[in-house]
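Presented below is the structure to which this report refers.
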Amino acid sequence: MTQLNNEIIQQKLREKISDAAEIRVAFDGSKAHIIVVLEAFASMRRIQKQQLIYGALEAEIADGSIHAVTMETLTPEEWDKVKMFR
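Our numbering applies: residue 49 is where the sequence shown begins, and numbers increase by one.
This is how it looks when you write it as structure tokens:
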């Protein structure tokens with residue numbers, strides 16, 4: 049298993065989703081909470097957004113390094129509305 053931390057997960061996401069306006073990760077042991085802000089999300093269905101995130105972390109999920117993922121997939125406009133509460 050890969051020894052993961054917030055920065056490594058964020059880097060893996062950034063490699064797959066290089067045009068994201070924002071990527072935030074909170075990783076605790078085997079659980080990851082991920083926020084990705086991407087303009088392209090406006091034209092994607094929920095399952096497509098999830099597939100994009102899971103695809104970036106496929107190896108880590110497969111080897112058990114990441115057991116659970118919660119994610120927020122937002123457009124920049126949606127992010128502007130919620131980021132003041134973060």
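Idealized CB from N, CA, C, for every residue including glycine.
- L122 is bridged by DSSP to V85.
- Nearest Cα to P124 within the set A68, Q51 and A110: A68.
- Put simply, the backbone Cα of A88 is about 22 Å away from that of R134.
- Shown here, D128 sits in a helix according to DSSP, grouped into three states.
- Counting only the Cα atoms, W127 lies some 30 Å from G112.
- Per DSSP, R72 is one residue of the beta strand (DSSP E) stretching across E70 to D76.
- Judged by their CB atoms, V117 and L105 are nearer to each other than the 9 Å cut-off.
- Taking 8 Å as the upper bound for CB-CB distance, I65 and M119 are not in contact here, some 12 Å apart.
- For A104, the enclosing alpha helix (DSSP H) has its first and last residue at R94 to A104.
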